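One structure below.
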Amino acid sequence: MDSIDKLLEQIKAEYNGDKSQQTEPPQPNFDQPSTNLPINLPVNLSINSANALIDDILGDTNQPHSFIDNILEEVKADIEAQAQAEELKKQQELEQERIEQEKIKAKQKAALKKQAQDWLAKLDPLSVEGLWFERFAESYPSKLEAAIEYLKSN
Numbered sequence: 014m015d016s017i018d019k020l021l022e023q024i025k026a027e028y029n030g031d032k033s034q035q036t037e038p039p040q041p042n043f044d045q046p047s048t049n050l051p052i053n054l055p056v057n058l059s060i061n062s063a064n065a066l067i068d069d070i071l072g073d074t075n076q077p078h079s080f081i082d083n084i085l086e087e088v089k090a091d092i093e094a095q096a097q098a099e100e101l102k103k104q105q106e107l108e109q110e111r112i113e114q115e116k117i118k119a120k121q122k123a124a125l126k127k128q129a130q131d132w133l134a135k136l137d138p139l140s141v142e143g144l145w146f147e148r149f150a151e152s153y154p155s156k157l158e159a160a161i162e163y164l165k166s167n
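Written out as structure tokens, the structure reads:
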């Protein structure tokens, strides 16, 4: 039994020793620099120097070109580039529309010219209409242009 008593006393001693250690946590000594810090910082920093140090480590968020400002500038540049691309596309579409309109007008003019040539070929110059047209055509550079203008108006 002697060995059991010794073991019990050892366990009690260890248990009581652990309790005394737990009730008195070690007090840090702020007067001496700690060697456990990841970087060596002076222990007695003022608030301003601490803020400056934090800004140096993390990056100054008050700088005009912070990370968020850079992202906003990129977004703004993307939006402007997209707007320019849309404007260019709109201008190209308008130019295409103008070209199409010119092609339509040219086809109409060619058709009217063909119609005027056919009309002039069928016109009897000695008829009442032929004589009237002769006087009408005097104010135009050619009979064809006069016939085109006459057919446009009819």
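Under this note's numbering, the first residue of the sequence shown is numbered 14, with each subsequent residue one higher.
Yeah, the Cβ is synthetic: ideal placement off N, Cα and C, and Gly gets one too.
Computed from a predicted structure; not experimentally measured.
(1) Using 8 Å for Cβ pairs, my map puts leucine 125 next to lysine 156. What's the rounded Cβ distance?
(2) What's the call for alanine 96, buried or exposed, on a 16-neighbour Cβ count within 10 Å?
(3) Mapping the DSSP letters down to three states, classify asparagine 29 as helix, strand or coil.
(4) For isoleucine 117, count neighbouring Cβ atoms within 10 angstroms of its own Cβ and tell me buried if that reaches 16, exposed if not.
(5) Which two residues bound the contiguous alpha helix (DSSP H) that contains serine 155?
(6) What would DSSP say about asparagine 83, mapped onto helix, strand or coil?
Result, derived from the coordinates:
(1) No, leucine 125 and lysine 156 are not in contact; Cβ-Cβ is about 14 Å, not under 8 Å.
(2) exposed
(3) helix
(4) exposed
(5) No alpha helix (DSSP H) holds serine 155; DSSP gives it neither H nor E.
(6) helix
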